[in-house]
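In the working numbering, the protein residues as written are 164 to 603.
Glycine residues also receive a C-beta, built at the ideal position from the N, C-alpha and C atoms.
Structure first, commentary second.
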Amino acid sequence: MSNVVVLGTQWGDEGKGKIVDLLSPAFDVVARYQGGHNAGHTVYRNGMKVVLHLIPSGILRPGTLCVIGNGVVLDPRAFLDELAALRRVIDFHDEQIVISGHAHLILPYHRLVEKISEDRLGERKIGTTCRGIGPAYEDKAARRGIRAGDLLDLVVLEDKIRQNTVEKNVLIARAGLEPLDPRAVFEEFAGYALALGRFIGDASRLLDAQIKTGRSVLFEGAQGTLLDMDHGTYPFVTSSNSTAGGACTGLGVGPTRIDAVLGVAKAYTTRVGAGPFPTELLDELGKSIGKKGDEFGATTGRPRRCGWFDAVAVSYACRVNGMDRLVMTKPDVLDGLPEIPVCTEYYYKGSRLDGFPTEPWMLEKIEPRLKTMPGWKTPVREIREWNDLPPAFLDYVKFLEDLVEARFAIVSTGVERRDTIFHDERLGGLLALDKIRAAV
164 MSNVVVLGTQ WGDEGKGKIV DLLSPAFDVV ARYQGGHNAG HTVYRNGMKV
214 VLHLIPSGIL RPGTLCVIGN GVVLDPRAFL DELAALRRVI DFHDEQIVIS
264 GHAHLILPYH RLVEKISEDR LGERKIGTTC RGIGPAYEDK AARRGIRAGD
314 LLDLVVLEDK IRQNTVEKNV LIARAGLEPL DPRAVFEEFA GYALALGRFI
364 GDASRLLDAQ IKTGRSVLFE GAQGTLLDMD HGTYPFVTSS NSTAGGACTG
414 LGVGPTRIDA VLGVAKAYTT RVGAGPFPTE LLDELGKSIG KKGDEFGATT
464 GRPRRCGWFD AVAVSYACRV NGMDRLVMTK PDVLDGLPEI PVCTEYYYKG
514 SRLDGFPTEP WMLEKIEPRL KTMPGWKTPV REIREWNDLP PAFLDYVKFL
564 EDLVEARFAI VSTGVERRDT IFHDERLGGL LALDKIRAAV
């Protein structure tokens, strides 16, 4: 069995939740390696919409072990609310969920500090969800963070909360807001200690044991490559490594344990929040694509900005993640369009660029060169076999493959599990397709 990373190749919201849920029957473990509850993975189960923010999408499959790694920042209240919401719609056991003791916690002051920072930036704000994710990662890097494992010792927890709250109150008071009471914060988190203690464990050791006994792991990424802290469009990025390397550092798993990386890409492009977006559509067609594709954030409800497929950006994502196989999502949203432009090249100040520049000041001035492909008249949504796909759509797929130097092995034509087409030959035994198809 293979151990596979599934991640986004664009600015997030590519439909990774559905793909992880779909592929989960072929894996024993699904492990989330970065991000916080700013991520939203939407899965449809028998017509019912389920949105997951922290718990891996594999939880919707009976018996799947779900791991939240040390690379995740965890808001205890958000986790418990998500847990309660899931219990109302599915049956699972607490033993199916493990939280790394090294995962850092989001505290009340993180949310306040982030809002203060965003308000101060004004028009230059990043467009974060203000849920405290960035400041929690800041404290982690500054070596003053509070980890899930600290919940297991209330003396240690109280001391760390007191020190951090007193320090943050200086900034909070300076912004004209009411300082936090360290004792009240501690009492709140002491309550979380009772509720979360049974989930906390050594995720790295657990995953190593699972792999050594022949069990397979699906590593689940949040956000997308272009939001990676180091390789994305900095500073308009998330605060963690959403690229494939993050699976190793965010779970304590060596790179030799990973067999393949599978990238998820929309048939077009979307972005939430601020930041450069070379192929963005600012007209009625962009709004129409957004409406048809239900392009609203699963976490915030914010409308996503829409644009054409950017082959320069996805080619870059394939390179930094070492991907040669991709999943295409939402081509059905483009059904019926007479023609579909694709970004094939970038020009900057009249000169062609060799690749994707992550500097925002350059991306803001990029002139994307588009090539128009014919649209397909036959809708792809109801199609179940690769060879039944419209010739014009297959031409579109081949055109994108040549540009990004990777092959589409799976096409998702709708929100339900059954709305999926596999190219068995291109997957080449990477996935146990018999298990996946039996569970659809």
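(message) Using 8 Å as the cut-off, can you tell me whether the segment 550-570 makes contact with the segment 469-481, which would need three or more C-beta pairs spanning the two stretches below that distance?
(response) Cβ pair count under 8 Å is three or more, so yes.
(request) Return the chain-ordered ranges of every alpha helix (DSSP H) run that is complete within the segment 532-572 and spans a minimum of 4 residues. (result) Entirely contained in the segment 532-572, the alpha helix (DSSP H) runs reaching 4 residues are, in chain order, 554-567.
(request) Using three-state DSSP, classify G513 as helix, strand or coil. (result) If DSSP states are grouped into helix, strand and coil, G513 belongs with coil.
(message) Give me, in chain order, the residues of the same chain whose beta-carbon lies closer than 6 Å to that of A189; leave out the 5 immediate sequence neighbours on both sides.
(response) Sequence-distant Cβ neighbours of A189 in its own chain, meaning closer than 6 Å and more than five residues away, are L594, A595, K598 and I599.
(request) State the Cα-Cα distance for the pair K331 and L215, rounded to the nearest angstrom. (result) Distance between the alpha carbons of K331 and L215 is about 30 Å.
(request) Keeping to the same chain, check which residues put their C-beta closer than 6 Å to that of H265; ignore five residues upstream and five downstream. (result) So the qualifying residues of the chain are N233 and R310.
(request) Counting only runs of 4+ residues fully inside the segment 257-319, write out the alpha helix (DSSP H) ranges in chain order. (result) Listed in chain order, the complete alpha helix (DSSP H) runs (minimum 4 residues) inside the segment 257-319 are 271-284 and 296-304.
(message) Let me check one thing: in DSSP terms, what residues is S187 bridge-paired to?
(response) Answer by DSSP bridge pairing: none, since S187 is not bridged.
(message) Taking the alpha carbon of E443 as the reference point, which residue from T432, L317 and S451 has its own alpha carbon closest?
(response) Closest option to E443, judged by alpha-carbon separation, among T432, L317 and S451: T432.
(request) At 3 residues or longer, and completely inside the segment 326-409: list those beta strand (DSSP E) runs for me, N to C. (result) Taking only runs of at least 3 residues, the beta strand (DSSP E) segments lying wholly in the segment 326-409 are 380-383.
(request) Please confirm if the segment 413-420 is in contact with the segment 444-451, defined as three or more CB-CB distances below 8 Å between the two stretches. (result) Three or more beta-carbon pairs separated by less than 8 Å are not found between the segment 413-420 and the segment 444-451, which leaves the two stretches without contact.
(message) In whole angstroms, give me the CA-to-CA distance for D582 and T576.
(response) Going by the C-alpha atoms only, they are around 5 Å apart.
(message) For T401 and G297, I'd like the C-alpha separation in whole angstroms.
(response) So the two alpha carbons sit approximately 7 Å from each other.
(request) Determine the closest residue to G395 out of K450, L186, C481 and K323, with distance taken between C-alpha atoms. (result) For G395, the closest C-alpha among the options K450, L186, C481 and K323 is that of C481.
(message) With H, G and I counted as helix, E and B as strand and the rest as coil, what does DSSP make of T576?
(response) In this structure, T576 counts as coil in the three-state DSSP scheme.
(message) If the criterion is Cβ atoms closer than 8 Å, does the pair G171 and K179 meet it?
(response) Yes.
(message) Which residue wins for smallest C-alpha separation from P531, given the options I452, P441 and V490?
(response) Ranking I452, P441 and V490 by CA distance to the CA of P531 puts P441 first.
(request) Give the range of the alpha helix (DSSP H) segment to which Y479 is assigned. (result) Counting along the chain, the alpha helix (DSSP H) containing Y479 begins and ends at A474 to N484.
(message) With H, G and I counted as helix, E and B as strand and the rest as coil, what does DSSP make of I253?
(response) In the structure shown, I253 falls within a coil segment according to DSSP collapsed to helix, strand and coil.
(message) If I measure Cβ to Cβ from I260 and keep anything under 6 Å in the same chain, skipping five residues before and after, which residues do I get?
(response) The beta carbon of I260 sits closer than 6 Å to the beta carbons of C229 and F362 from its chain, once the five residues preceding and following it are set aside; these are given in chain order.
(request) Ignore the nearest five residues each way along the sequence and tell me which others in W539's own chain have a CB closer than 6 Å to its CB. (result) Annotation for W539: P553, A555 and F556 place their beta carbon closer than 6 Å to its own, counting only its chain and skipping 5 residues before and after.
(request) Can you give me the Cβ contacts of K455 inside the same chain, cut-off strictly under 6 Å, excluding the 5 residues immediately before and after it? (result) Within the same chain, Cβ atoms closer than 6 Å to the Cβ of K455 are found at V496, the five residues on either side in sequence being excluded.
(message) For G226 and F255, I'd like the C-alpha separation in whole angstroms.
(response) Near 7 Å, if we compare the C-alpha coordinates of F255 and G226.
(request) State whether the segment 268-277 contacts the segment 331-342, with contact taken as three or more CB pairs (one from each stretch) at a distance under 8 Å. (result) With a cut-off of 8 Å, the segment 331-342 and the segment 268-277 count as touching, because enough Cβ pairs lie within range.
(request) Please work out which residues of its chain come closer than 6 Å, Cβ to Cβ, to V574, disregarding the five sequence neighbours upstream and downstream, and give them in chain order. (result) Excluding positions up to five away in sequence, the list reads M491 and I584.
(request) Locate the alpha helix (DSSP H) running through A430, then write down its first and last residues. (result) From DSSP, A430 is part of no alpha helix (DSSP H); its letter is neither H nor E.
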